[in-house]
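This report concerns only the one structure given below.
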Amino acid sequence: MQRFVPVLRDDNVDLELISLLNTLMAACKEISFRLHQGELAGILGSTLDENIQGETQKKLDVISNQLIKDILLESGLVRAIASEEEDTIVAGSPSGRYLVCFDPLDGSSNIDINSLVGTIFSIMEVPEGMEGATEEMFLQPGTAQVSAGYVLYGPSTQLALTTGDGVKLFTLDNTIGEFLLTNEKMTISEDTQEFAINMSNQRFWEPAMQQYIADLLAGTTGKRDKNFNMRWIAAMVGDVHRVLSRGGIFTYPTDNKNPAKPHKLRLMYEANPMGFLVEQAGGIASTGYERIMEIEPSEIHQRVAVVLGSKNEVNTCLEYHK
Ligand code: AHG
Ligand code: MN
Ligand code: MN
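So for the sequence shown, this note's numbering puts the first residue at 2; every next one is plus one.
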């Protein structure tokens with residue numbers, strides 16, 4: 002086992018980026034500590050507010066957002082941030098090279114049941130020649146990310162990180178307050194017998210997804226001729242971590258439950274960073290129709306359909322969408 006420094010030893014990773022990642026991790030360690038204090042810290046439950054997306058904010062959504070926002074904006078390295086819990090972008094240092102998008106606490110509905118939650122982040126550079134801090138700067142496709150990752154606050158706290166050269170997994174050692182490298186290269190198996198989807202939306206999906214899932218459920222009695230198992234954590238970080246750890250397919254597809262909101266997951270805070278990680282681990286991340294990382298964003302809070310995971314299984318799912 003090694004310290005968080007393995008990234009520092011990577012000659013291909015810019016020193017400023019390493020410094021930014023360490024800064025971000027300082028906030029995530031604090032979130033981890035407070036989460037593990039749980040009820041004792043009086044931080045469970047909801048606020049009386051809603052975020053820009055009309056969702057009730059939990060106290061921990063607000064606390065996590067504040068911790069990450071403050072530390073990034075004070076680092077001198079960040080031009081601006083965009084957060085799921087902020088209405089607009091927030092400006093940082095005028096000379097900062099980086100733009101950071103984040104979902105401060107993913108899986109908020111799990112907070113009050115003491116279950117899995119996480120933090121997701123995506124880092125891009127300010128496009129050449131752009132001054133000040135504008136939303137326009139953020140509207141770059143996922144292929145422009147220089148780094149992405151998530152921190153999973155589970156029985157142990159883990160960081161899955163990519164800087165464009167594979168995915169490394171670190172585990173927080175609470176005795177010394179450092180992330181130690183515990184898996185040098187996460188890879189997603191090409192095949193799987195495990196899928197993750199919120200089945201309660203079944204009747205609202207497009208016909209292609211209905212048929213794909215029906216064939217999985219038919220198991221050995223259907224055209225797939227093998228049985229599948231199902232998991233749903235209700236925190237994308239938890240589901241994607243399982244996919245990175247032992248393979249699988251995860252999807253939050255288009256649905257017409259609320260025609261004004263056909264997608265649940267956010268492009269900049271969830272789909273792009275997870276897409277980058279999954280591709281770097283050998284998997285595929287698609288909307289069902291196109292590669293997530295190639296989408297040209299039109300606004301920071303944009304939402305998309307997501308199908309990601311084991312290469313062969315995602316490809317099978319994509320065949321249904323052709
Ligand atoms: P958030 O808590 O940041 O709003 O994200 C929750 C997301 C994602 O993490 C998860 O996969 C999905 O919502 C769960 O949705 P359902 O409650 O519809 O299952
Ligand atoms: Mn989320
Ligand atoms: Mn969130």
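All C-beta atoms in this analysis are idealised placements derived from N, C-alpha and C, irrespective of residue type, glycine included. Small disclaimer: the values here were computed from a predicted structure and weren't measured.
- prompt: Who are the Cβ neighbours of C318 in its own chain at under 6 Å, not counting the five residues just before and after it?
  reply: Contacts found: Y213, V308.
query: In the DSSP assignment, what are the bridge partners of V308?
result: T252, S287
- request: Note the first and the last residue of the continuous beta strand (DSSP E) segment covering S84.
  value: 79-84
task: Have a look at F103, I234, N115, T188 and flag the residue whose alpha-carbon is nearest the alpha-carbon of A28.
output: F103
field: Beta-carbon proximity list for E191, same chain, < 7 Å, skipping 5 on both sides
entry: S311, K312, N313
task: Identify which residue in A197, S201, V241 has its Cα closest to the Cα of L217.
output: A197
- request: Taking Y253 as the reference, give the member of A272, V127, S33 with the closest Cα.
  value: Among A272, V127, S33, the Cα nearest to that of Y253 belongs to A272.
task: Could you tell me if G284 is buried or exposed, where buried requires 16 or more neighbouring beta carbons within 10 angstroms of its beta carbon?
output: buried
- request: Ignoring anything shorter than 3 residues or poking outside the segment 216-286, list the beta strand (DSSP E) runs there in chain order.
  value: 250-253
query: What does DSSP give as the partner residues of M125 in its beta bridges?
result: L100
Local conformation of K59 per DSSP, three classes: strand
- request: Could you check which residue in P260, A282, I293, D107 has the C-alpha nearest to that of A306?
  value: I293
message: My parser needs the alpha helix (DSSP H) runs of 4 or more residues fully inside the segment 123-203; what are they?
response: 136-139
message: Given 8 Å as the limit, tell me if S109 has its C-beta closer than that to any heavy atom belonging to ligand 3.
response: yes
field: Alpha-carbon to alpha-carbon, A92 and R98
entry: 12 Å
message: One question on the structure: do L160 and L117 come within less than 9 Å of each other, judged by their Cβ atoms?
response: no
Inter-residue Cα distance where the pair is A215 and T120: 32 Å
query: DSSP three-state call for D15: helix, strand or coil?
result: If DSSP states are grouped into helix, strand and coil, D15 belongs with coil.
N199 Cβ short of 8 Å to ligand 1 heavy atom set: Yes, since a heavy atom of ligand 1 falls inside the 8 Å radius drawn around the Cβ of N199.
message: Using C-beta distances below 6 Å, list every residue in its chain close to S47, excluding the 5 sequence neighbours before and after it, in chain order.
response: T57, K59
message: Taking 8 Å as the cut-off, is the beta-carbon of L309 closer than that to any non-hydrogen atom of ligand 3?
response: no
field: Environment of M131 [buried if 16+ CB atoms lie within 10 Å]
entry: exposed
- request: Using only alpha-carbon positions, find the residue among S148, T176, I114 that is nearest to L278.
  value: S148
- prompt: So does the segment 72-80 actually touch the segment 22-36, counting three or more Cβ pairs closer than 8 Å?
  reply: Contact between the segment 72-80 and the segment 22-36 is present, with at least three C-beta pairs closer than 8 Å.
task: Going by CA-CA distance only, name the one from R80, I32, Q54 that's closest to Q67.
output: I32
query: Looking only at its own chain, which residues have a Cβ that is under 7 Å from the Cβ of E51, when we skip the five neighbours before and after it?
result: T57, Q58
query: Closer than 8 Å: is that where the CB of N238 sits relative to any heavy atom of ligand 1?
result: Residue 238 is actually Val in this sequence, not Asn. The answer is yes for V238.
task: Measure how close the beta-carbons of N228 and G220 come, nearest whole angstrom, since I'm counting them as under 8 Å.
output: Contact flag correct, Cβ pair sits at about 4 Å.
Residues near L9 by beta carbon distance below 7 Å, same chain, minus five either side: For L9, the predicted model reports a pLDDT of 49, less than 50, meaning its position is unreliable and no value from the coordinates is stated.
query: Given N230, which residues of its chain have a CB within under 7 Å of its CB, disregarding the five upstream and five downstream residues?
result: Q194, E195
- prompt: Which one of E300, E320, A236, F180 has the shortest CA to CA distance from E137?
  reply: Ranking E300, E320, A236, F180 by Cα distance to E137 puts E300 first.
R247 versus M187, P298, T288, residue with shortest Cα-Cα distance: The candidate whose alpha carbon is nearest that of R247 is M187.
Check whether L22 and L61 have beta carbons under 9 Å apart: no
- prompt: According to DSSP, is G39 helix, strand or coil?
  reply: helix
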